Ligand SMILES: *[C@@H]1O[C@H](CO)[C@@H](O)[C@H](O)[C@H]1NC(C)=O
Ligand SMILES: *[C@@H]1O[C@H](CO)[C@@H](O)[C@H](O)[C@H]1NC(C)=O
Ligand SMILES: *[C@@H]1O[C@H](CO)[C@@H](O)[C@H](O)[C@H]1NC(C)=O
Ligand SMILES: *[C@@H]1O[C@H](CO)[C@@H](O)[C@H](O)[C@H]1NC(C)=O
Ligand SMILES: *[C@@H]1O[C@H](CO)[C@@H](O)[C@H](O)[C@H]1NC(C)=O
C-alpha cells in the first residue's frame, strides 16, 4: 500500500508545481503589460495570494486523495476488522494474564501480583511460571500443554488477524509464559514434571495465589513411570510454539524444537498412560488414551521440521492404529483426534505437493474424517449431531459444556478457511452440498450464543457486554485483594452471596445446562468454573473471526 501512495502523492505535487509555474508565467505576462510600480506591487500581491491559495488547495486535495485511498483500500482489502469479535478477542486474551503464576512482567490485572515463586525449588527447578489451571491454584501439565498447543495454532493461522487488532504481542507473550514453564519442566530427556501442587491440599484451602500457604509438591513422569499422552502433548505444544517463535527468536525456537523431539521419542518409546503411572491425576485430568496425542505431536513435528519420518508416523506407520478414521469425535484436552483430522486436512488440501501417493491416500482418510465431523456440526445436514440444545449450541456434557461448542466452532472455521484457500467449493454430506460459508455460519452461531444471544441473555465470556456471570468459581476473583484471610477462613468468600470483588476478565465459564439455564452461584463449579484451555479455544475462534479475511497462510513464510 505505502509505495503506490507515496508515488501518487509525488506525482500530485509535481502537477501542482507545474500549475504554480503556469500561474507565475501568466502573471509575468500581465506584469509586463503594467506600466506603474503600483500595478507591479498589486500584481505581486495577487501572485503571492494565488500561490498561497493553490498551495493550501493542493495540500487539502492531496490529503483528501490519501483519505479516499485509505478508505477505498480497506474496502477492497480482504482483512476488514469485525469490531464485535475484535473486542471479544481483546477481552478473552486477558484471561491468560489472570491465570499467570510467577514473577509477573508488565502486569495489567490490578488485583493480581507475584505468586508461587518457589514452585519447583525442591527439585532445584524454576517452575514458577505457567498458568493456574482454573478456579484453583493447581498447575496441571496435561491441560496446560494443550492450552499452549491451541494458542500456537491460533497464532499460526490467525496471527495476521490478531496483529490487525493489536492482540498478536499479548498472544505471543502469554504463549511464551507457558512454554518457558514447559521447557523448565523437562530437565532431562526422559523426565517431565507434569504437576505442581497437590489437588487435595489445594482444594482444602480457598485463598489467593499471592498469599497461598499450602505446600506445592511436584510430580514427574519418567522411563519407569511413563506418561505418553502428557509427554506427547507437551511435544506438540513445543513443536507448534517453535513455529510461532521461529522469526522472533531462532535460538528460543530451536530450543523448543529440540525439547519437542526428545519428548516425542520419550512418549513413543515408553508407552503408558500417565493416569496409570500417577493415579492421583485421575480425579482431575484422567486421560482415556494416548494414540491421539502421538498423532497430534507427530503432525506438529512434521509441520515444524518438514522431516518426512513424522509424516510416515501418522500415515503408513500409525494411522490405522490410532486415527479411528471415519468416526467423528469431540476435540478436547483429552481427545486430539478431531484436531489431527483437521490439521492433516490442511496438509492434504493446501500443502500436499511433495507427499508420496500412499501417504496422500492416508491423508485423504484424515480429510474424509474431518468432512464427517464437519457434516455432523452443520445444523441442517442429514448427519447433523443431535448433541445440540434447542438454541443450537453444541452440548455434550454438563461439566464445562462450552469447551465443546467453542472447540467445534474453531475447527469448523479452520476447515472453512482451508476449503476457501484451496479452492474447494463444496462439502458433500450424504446427498446435500454445503459451502465454506455454511461452516463459517455455524462457527458464528456458536460464538453469538456464547456472547449473549441465548435464552439467558447472558454473555458466558466474563467482562464482555453488560450481563455476564458475577459469581464465577475462581479463588483470586472472589477474594478482595486486601483480604487477610488464609487457607481455611478464606472459604467465607466462597460462601458469600456477594458478586466477585474482582472481575476474572476473559474467563469463559463452563456454560449452561442442556435446557439452556445457568445458575450463577460461586459453588456451582460445574457451570461457573473457567479454565485456561477454554480461553485458548475461544481465542482461536475469535481471532479467526476478528477480521473478514479467510485466507489460510503458510506456517513458515
Ligand atoms: C519416576 O516417577 C514416579 C512417578 O511420579 C516417581 O514415584 C519416581 O520417584 C520417579 N523416579 C525417580 C528416579 O525419580
Ligand atoms: C532468544 O532466546 C534465548 C533463549 O531463551 C535468550 O537467551 C535470548 O535472550 C533471546 N534473545 C532475544 C533477543 O530476546
Ligand atoms: C481413568 O481412565 C482410565 C482409562 O480410561 C479408567 O480405567 C479409569 O477408571 C479412569 N479413572 C477415573 C477415576 O475416572
Ligand atoms: C434445567 O436442567 C437442570 C439440570 O438438569 C435442572 O436442575 C433445572 O431444574 C432445569 N431447569 C428448568 C427450567 O427446567
Ligand atoms: C450451593 O449453595 C447453595 C446454597 O447454600 C445450595 O443450595 C446448593 O446446593 C449448593 N450447590 C452446590 C453445587 O454445592
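Numbering (the UniProt record's numbering), first residue to last: 1 to 557. Cβ coordinates follow ideal geometry from the N, Cα and C atoms, glycine included. Just so it is clear, the structure is predicted and the values come from calculations on it, not from any experiment.
Query, Result
"Ligand 3 heavy atom lying under 8 Å from the CB of residue 348", "no"
"Any non-hydrogen atom of ligand 2 within 8 Å of residue 249 CB", "yes"
"Other residues of its chain near residue 98: CB distance less than 6 Å, five sequence neighbours each side excluded", "109, 504"
"N- and C-terminal bounds of the alpha helix (DSSP H) containing residue 196", "Here residue 196 belongs to no alpha helix (DSSP H); instead the beta strand (DSSP E) covers 192-196."
"Beta-carbon proximity check, residue 516 vs residue 419, cutoff 9 Å", "no"
"Every unbroken alpha helix (DSSP H) inside the region 179-257 [4 residues or more]", "199-203, 228-244"
"Touch test, the region 140-149 against the region 282-298, Cβ-Cβ under 8 Å, three pairs minimum", "yes"
"Rounded separation between residue 348 and residue 325 - CA only", "15 Å"
"Residues that DSSP places opposite residue 547 in a beta bridge", "81"
"Residue range of the unbroken beta strand (DSSP E) whose run includes residue 428", "427-429"
"Run of the beta strand (DSSP E) containing residue 432, from where it starts to where it stops", "432-434"
"Distance between beta carbons of residue 529 and residue 135, contact taken as under 8 Å", "5 Å"
"Chain-order list of residues whose beta-carbon lies under 6 Å from that of residue 193 (same chain, five-residue window excluded)", "185, 218, 220"
"Three-way DSSP call (helix, strand, coil) for residue 388 in this model", "strand"
"Per-residue DSSP class, three states only, for residue 155", "helix"
"C-beta contact flag for residue 443 and residue 412 at 9 Å", "yes"
"Residue 128 and residue 103 closer than 9 Å at C-beta", "yes"
"Start and end residues, alpha helix (DSSP H) containing residue 138", "That residue, residue 138, is in no alpha helix (DSSP H); it is neither H nor E in DSSP."
"Cβ-heavy atom distance, residue 221 to ligand 1, below 8 Å", "yes"
"Reference residue 524; option with closest CA among 536, 556, 469, 87", "469"
"Selected residue, minimal CA-CA separation from residue 94, among 354, 235, 533", "533"
"Local conformation of residue 556 per DSSP, three classes", "coil"
"Simplified DSSP state of residue 517, which is helix, strand or coil", "coil"
"Validate contact between the region 257-276 and the region 223-237 using beta carbons, cut 8 Å, 3 pairs", "yes"
"Same chain only: Cβ atoms within 6 Å of residue 404, ignoring 5 sequence neighbours per side", "330, 394, 396"
"DSSP-derived helix/strand/coil call for residue 537", "helix"
"Residue 68, DSSP secondary structure in three states", "The predicted model places residue 68 with a pLDDT of 46, which falls under 50 and marks its position as unreliable, so this point remains unresolved."
"Cβ neighbours of residue 368 in the same chain (closer than 8 Å, five flanking residues each side left out)", "325, 326"
"Interface flag, residue 101 vs chain D, CB-CB below 9 Å", "In the structure shown, chain D does not exist; there is a single protein chain."
"Check: residue 517 C-beta below 8 Å from any heavy atom of ligand 4", "yes"
"Presumed contact (8 Å Cβ cut-off) between residue 160 and residue 79, rounded CB distance", "7 Å"
"Beta strand (DSSP E) segments (min. 3 residues) lying fully within the region 409-470", "427-429, 432-434"
"Beta-bridge partners of residue 54, as assigned by DSSP", "DSSP lists no partner for residue 54."
"Own chain partners of residue 494 with C-beta closer than 7 Å, once the 5 adjacent residues on each side are dropped", "206, 478, 522, 523"
"Three-state class that DSSP yields for residue 508 in the structure shown", "strand"
"Nearest-angstrom Cα separation, counted from residue 484 out to residue 548", "48 Å"
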